[in-house]
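Protein chains in written order, with the UniProt record's numbering: chain V, 1 to 302; chain U, 1 to 471.
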Amino acid sequence: MRHGKYPLIVTFLVPPLLLYLVFVVSPYLQAFQISTTDWLGYSAEADPVGLANFEALLHDGRVWNALKNNAWLLAVVPVLTIGLGLFFATMLNMGGRKGRAGVTGVRGTAVYRMVYFFPQVLSVVIIALLWKEVYHPNSGLLNGTLRAVGLPAPTWLGDPRTAFWCVLAVMVWANVGFYVVLFGAAMSAIPRDIYEAVLLDGASRWTTLRRVTIPLLWDTVQVAWIYLAIAALDGFILIQQMTNGGPNFSSDVIGLRMYETAFGSESKFGYASAIGVVLFFLTLSVAVLALRAARRDRIEYS
Amino acid sequence: MNRRDILRRTAAAGLLATPAAGLLAGCATGGGGGDSDAETYKGTKSDQNPLGVKEDAPLEVVIFNGGFGEEYAKSHEAMYKEKYPKAEIKHSATQEINKTLQPRFVDGTPPDVVNNSGAGQIDFNGLVSQNAIADLGDVLNAPSLDIPGKTVKDTLLPGAVEVGSYDGRFLVLNYTYTAYGIWHSTKLFGDRGWQYAKTWDEHIALCRQIKAAGIAPWTYAGKHPRYMSWPLIATAIKFGGPSVATAIDNLEPNAWKSDAMKAAADAWHQIVKDKYILDGSPGLDHVQSQTAWCQGKAAFISCGSWLESEQKKVTPEGFNMTVQPTPSLGSSDKLPYEAIRGTAGEPFMVPAKAKNLPGGLEYFRVMLSKKGAQDFTRKVASLTIVAGSTEGIELPFGLDTVVKALDASGSNGFNWVYNNYYRKLERELVDAACGEFFSGRIGPAEFLDQCQRGADSIAQDSSIKKYKRAA
């Protein structure tokens, strides 16, 4: 059998590697090159301008404003999503205790699990449209409810104080379901007898979560952290669909800045590529930092 | 390798694959260009063929598939084909003009006719500064296809050529003729016995009356608040004369802070201060606000003459929308109340590197023939820049009021083009300022300051080509 191994491996590896090179690696390299030009995107000519685009970036208030919002996303979205994900996953897997032997989830676990996963099945654009209507200041679900109980009804996406946070909430909502399932799967791999021992020792749910579950799930949490950190540096689709960065740039993100610079209100592809290059290094650094910061000793079960 | 290793490695792979940065440049510079000139099609010029079309040369037309659809273009193509039966016509329609065509511009193989419109419109400043579009001067000087004794230029409405001109070269054919004004429902006003007000003071009094009747006087697209910049700038131009607009278009220092703009901003601030705007408007997009207006929740809305066809599906029977000019500020206004902003819109262009460039120009001549224009008006209920092309066509109610308003305005009509010169200035900067102003977060002085800062930032940006127009 061994002599047939390499042709097989090569047949399976070469096509995806080629695709990756052509459609991922080469555009990256080109973006680096384009970022040092003043290319306007609709002719084959572009003059090299060295690092002028990057210098302009440093003094571009709109870019900094967008980065500030991405920093907020980075600080809030992973924490909230992982926190909620862990909480729901715990409840679904080991939340129920009353009058039952062993470790089980709350009643109706199967239903919850399915419902949490709904947003994951919807396309992001649909989610954005859905929530745009929920936030509709006059006929939206949210304000309808608030009015029904006699509370004031803000304009949500039309107010610079709330617009960004409204989108952030949707981002968390759209992501939580996936992490509930991810953490749930990881939890079911933790040996039951550990929990039974903890139960016998009389630990509370909170202690169980903090002292047993999270340490044993650490690798998964770490992966979740990296994914969410990357997602937080993006956020483009939701923002573009729901607020288009407004009102008055209050919900702008760096991805939208890049899009507007190249395809939206201008066609400065050189400058937009420079933004892309900066975003590339930012994402890379954030991911490396997240990996480093979350490093812990691995726990083996047996 | 256990499951956690796999997870960890997927994370590492995700790292490389996720950021969208590199994908921006799916096509590279340096390809194509220049060498495709040899293959262009040219015919012999004659009286019958003033543009030198090669009769069997294929013609490629790309249409923006938006509010007007693509059917009208197919009949224009059929008319072209009637004249040149041997020509093969390739028709396509898309909503994403820039993403579809960018690689072809870079490659030097663009189509022959492009309807560069919609949200995915290619920024004209970029196109013009890269010499990517052909001069349309020859079309203007060619004889009209079916109006005897006149050149194409003679058949157009005033202002149609200026809008598409950059530094005196006519590059962009804006095919439709659009009026921008304030809209109301004739039925609603008739039922309530209200009369559209011709001066600002009366307008405010009417707003008070409307509000007392339990209807919001105004609503606007809070997500695209630049819609409200139109009546505001129009008020200023009527007060101070067309030079107000020229100054703004030419990015003159403090053009946004002229006395006329101050007077207009102060006046419009009244509807914000007195809460004459439908609650929640800042959170509505253009569809949501226009729908609220059609449902009778608000009395006035600012829009262009495409409003009627855009709202076709949700407008109640007998709503009868009417466009009116902005109210005059006072008796010292330089332009009469009837003056309205009329301008050519819906841009078409022939790329400079189009293979069948003469064919593209000839296609425009077909569009600008009386037959072509009337067919367009009949199909999409919109006016064209061809004068008198509505003769003998029954127009829908709203469009009829547009024609009447434009007639009444006559030579007092005005326009501005800074939004064509510098897309970013209107779409991003003035837009954001309007959002702050009409939601009441800033006052008139700060509003004009913010607009001026935006205009200054464009003026100082050496990477943006500047244009000037004569008064």
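No residue lacks a Cβ here, since even glycine has one placed at the ideal position from N, Cα and C.
Only a predicted model underlies this, so the values are computations on that prediction, with no experimental measurement involved.
Cα atoms of U/Gly159 and U/Ile204: separation of roughly 32 Å, rounded to the nearest angstrom. DSSP assignment within the stretch 309–377 of chain U yields the following whole alpha helix (DSSP H) runs of 4 residues or more, N-terminal first: 357–367. Among the residues facing chain V, U/Pro282 is included, as its CB has a counterpart in that chain under 8 Å away. In this structure, the straight-line span from the alpha carbon of U/Gly345 to that of U/Thr178 is close to 6 Å. In the three-state scheme derived from DSSP, where H, G and I count as helix and E and B as strand, U/Phe170 is classed as strand. Against chain U, the CB of V/Gly158 has a partner CB under 8 Å away; the residue lies at that interface. DSSP places U/Leu59 within a strand segment (E or B) once states are collapsed to three. Neighbours of V/Asp47 across chain U, judged by C-beta separation under 7 Å, do not exist; the nearest C-beta is about 10 Å away. Listed as beta-bridge partners of U/Trp183 by DSSP are U/Ile301, U/Val323. Listed by position along chain V, the residues whose Cβ is nearer than 7 Å to that of U/Gly440 form an empty set, because the closest Cβ is around 11 Å away. As the crow flies, the alpha-carbon of U/Gly392 is around 9 Å from that of U/Gln374.
Using a CB distance cut-off of 8 Å, V/Ser43 counts as an interface residue toward chain U.
For U/Lys223, the closest Cβ of chain V is nearer than 8 Å. What V/Ser267 touches in chain U, judged by beta-carbon distance under 7 Å, is Ile122, Asp123, Gly126, going in chain order. Apart from sequence neighbours up to five positions away, the residues of its chain that approach V/Val124 with a beta-carbon distance below 6 Å are Ile237, ordered along the chain.
U/Lys42 does not reach chain V, its nearest Cβ partner there being about 22 Å away, counting only Cβ pairs nearer than 7 Å. Non-local beta-carbon contacts of U/Ala433 in its own chain, meaning distances under 6 Å to residues more than five positions away in sequence, involve Phe447, Gln450, Cys451 in chain order. At a beta-carbon threshold of 9 Å, the residues of chain U lying near V/Glu260 are Lys424, Arg427, Glu428, ordered along the chain.
Distance from the CA of V/Ala197 to the CA of V/Pro191, rounded to the nearest whole angstrom, comes to 11 Å. Among the residues facing chain U, V/Thr81 is not included, as its CB has no counterpart in that chain under 8 Å away. Any Cβ of chain V closer than 8 Å to the Cβ of U/Gly108 would place that residue at the interface, and such an atom is present. In this model, V/Lys268 and V/Met258 are separated by some 9 Å (Cα to Cα). Under the Cβ distance rule, U/Gly435 counts among the residues neighbouring chain V, one pair being separated by less than 8 Å. Straight-line measurement puts the Cα of V/Glu266 at about 10 Å from the Cα of U/Gln121.
Annotated three-state conformation of U/Ser409 is helix, per DSSP. Counting along the chain, no alpha helix (DSSP H) covers U/Lys465, and no H or E run does either. Taking a Cβ-Cβ cut-off of 8 Å, the neighbours of V/Tyr135 in chain U comprise Gly283, given in sequence order. In this structure, the beta-carbon distance from U/Pro358 to U/Lys42 falls below 8 Å.
By the beta-carbon neighbour count (other beta carbons within 10 angstroms, threshold 16), U/Ser409 is buried.
For a Cβ distance threshold of 7 Å, residue set Leu40, Tyr42, Ser43 of chain V lies close to U/Gln130, ordered along the chain.
Against V/Asn244, the close residues of chain U are Lys223, in the order they occur along the chain (beta-carbon pairs closer than 8 Å). Taking 8 Å as the CB threshold, V/Thr145 stays off the interface with chain U. Interface annotation, U/Ser229: not in contact with chain V, CB-CB separation never under 8 Å.
Three or more pairs of CB atoms, one per stretch, sit closer than 8 Å, so the stretch 134–152 of chain U contacts the stretch 165–182 of chain U.
Residues Gln452 of the same chain have their beta carbon placed closer than 8 Å to that of U/Asn254, with the five preceding and five following residues left out of the count.
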